[in-house]
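In this note's numbering, the protein residues as written are 11 to 113.
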């Protein structure tokens, strides 16, 4: 995925429980991503793994250079359909209960 200086991706999030990974193939200064309430910068050759259910946005505030990332998606280990595959190796929060009915 390419992001040029001055470029921005609007805030978005995934509809399914999954993990995303960005491997920075080229990351020039000024390229950032916020996930939830954390902001991170890409470093060439390093990966960033994030929970796709949190809102995120990406931008490039630099004046030159581009950002290229290899984007990969994984099943979320806390998804009910995946938990048995990890045999207790992953600590997952208790499932959220439905919101109480309002009368």
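Every residue gets a Cβ at the ideal spot worked out from N, C-alpha and C, and that includes glycine. Remember, predicted model here, so these are calculated numbers, not experimental data.
Where residue i falls, given that 16 or more other Cβ within 10 Å makes a residue buried
{"i": "residue 26", "result": "exposed"}
{"i": "residue 30", "result": "buried"}
{"i": "residue 22", "result": "exposed"}
{"i": "residue 99", "result": "exposed"}
{"i": "residue 80", "result": "exposed"}
{"i": "residue 109", "result": "Residue confidence is low: residue 109 scores 49 on pLDDT, short of 50, so the model does not pin down where it sits. No coordinate-derived value is stated."}
{"i": "residue 77", "result": "buried"}
Endpoints, beta strand (DSSP E) assigned at residue i
{"i": "residue 29", "result": "28-37"}
{"i": "residue 44", "result": "41-45"}
{"i": "residue 50", "result": "48-51"}
Length of the line joining the Cα atoms of residue i and residue j
{"i": "residue 89", "j": "residue 28", "result": "8 Å"}
{"i": "residue 181", "j": "residue 94", "result": "The structure shown does not extend to residue 181, since the chain spans only 11 to 113, so no value can be given for it."}
{"i": "residue 20", "j": "residue 85", "result": "24 Å"}
{"i": "residue 66", "j": "residue 73", "result": "22 Å"}
Chain D within 7 Å of residue i, Cβ atoms only
{"i": "residue 76", "result": "Within the model displayed, chain D is absent; a lone protein chain is all it includes."}
Under the three-state DSSP convention, the category residue i falls into
{"i": "residue 77", "result": "strand"}
{"i": "residue 96", "result": "helix"}
{"i": "residue 68", "result": "strand"}
{"i": "residue 21", "result": "strand"}
{"i": "residue 61", "result": "strand"}
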